[in-house]
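K.L.:
In my numbering, the protein residues as written are 18 to 180.
1. By DSSP, does residue 116 sit in helix, in strand, or in coil?
2. Are residue 60 and residue 38 touching if we call contact CB-CB under 8 Å?
3. Assess contact between the region 80–95 and the region 106–123, defined as three or more Cβ pairs (one per stretch) separated by less than 8 Å. Is contact present?
4. Leaving out five residues on either side along the sequence, give the residues of the same chain with a beta carbon under 7 Å from the beta carbon of residue 130.
5. Which value, in whole angstroms, describes the spacing of the CA atoms of residue 111 and residue 95?
6. Apart from the five residues just before and just after residue 74, which ones in its own chain have a Cβ nearer than 8 Å to its Cβ?
7. For residue 97, collect the residues of the same chain with a Cβ closer than 6 Å to its Cβ; drop the 5 residues on either side in sequence, then sort them by chain order.
8. Which runs of the alpha helix (DSSP H) spanning at least 4 residues fall entirely within the region 28–81, listed in chain order?
9. Assuming residue 25 contacts residue 65 under a Cβ cut-off of 8 Å, what Cβ separation, rounded to an integer in Å, is found between them?
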């Protein structure tokens, strides 16, 4: 199995565990509004087990904050549901707070910035220190000429300014 296939397999497993967690959180919502106390405790334990399983696949730095918060509150419920009259409300409030994040999290191993911006000053200094400024400007001019020729730039003012 190639590294790329292994990464894809790993990501599928993480996404499946996340989907399991969502399913179990949704079941927990339903149980929390029921009258059956044992069902509430069991649903919480199943959701906590799903959260722990998902968490076990992730490094600490890759674990989203919502998962840490969720596990903390689910653990709190295990220890405190019988001691507090408002334990269900406390748990539901946290679930509602985290709901959007739980349901909409996108898993990725890519730690690169998502925007494609460049720090021109840094690039300029790197080429300058290597005595390659003419090469940098040749690359820039070539790229700009290609952009103009492709029609990607449609503003007459911009095209005139670049020429």
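Heads up, the beta-carbon is just placed ideally off N, CA and C, and yes, glycines get one too.
P.N.:
A quick look at the data gives this:
1. To locate residue 116, count along the chain shown from 1; it is residue 99. Three-state result, residue 116: helix.
2. Here the question's residue 60 lines up with position 43 in the chain shown. Here the question's residue 38 lines up with position 21 in the chain shown. No, they are not a contact pair.
3. Taking 8 Å as the limit for Cβ pairs, the verdict is that the region 106–123 does touch the region 80–95.
4. In the chain shown, residue 130 corresponds to position 113, counting from 1. With a pLDDT of only 44 at residue 130, under 50, the local geometry of the prediction cannot be trusted, and the value read off the model is given with reservation. There are no such residues.
5. To locate residue 111, count along the chain shown from 1; it is residue 94. To locate residue 95, count along the chain shown from 1; it is residue 78. Computed Cα separation, rounded: 14 Å.
6. Position 57 of the chain shown holds residue 74. So the list reads 27, 30, 31, 34, once near-sequence residues are dropped.
7. Taking the chain shown and counting its residues from 1, one reaches residue 97 at position 80. Excluding residues up to 5 positions away in sequence, 104 lie with their Cβ nearer than 6 Å to the Cβ of residue 97 in the same chain.
8. Runs found: 54–73.
9. Locating residue 25 in the chain shown gives position 8, counting from the first residue. Locating residue 65 in the chain shown gives position 48, counting from the first residue. Between residue 25 and residue 65 the beta-carbon gap is near 28 Å, outside 8 Å, which marks them as no contact.
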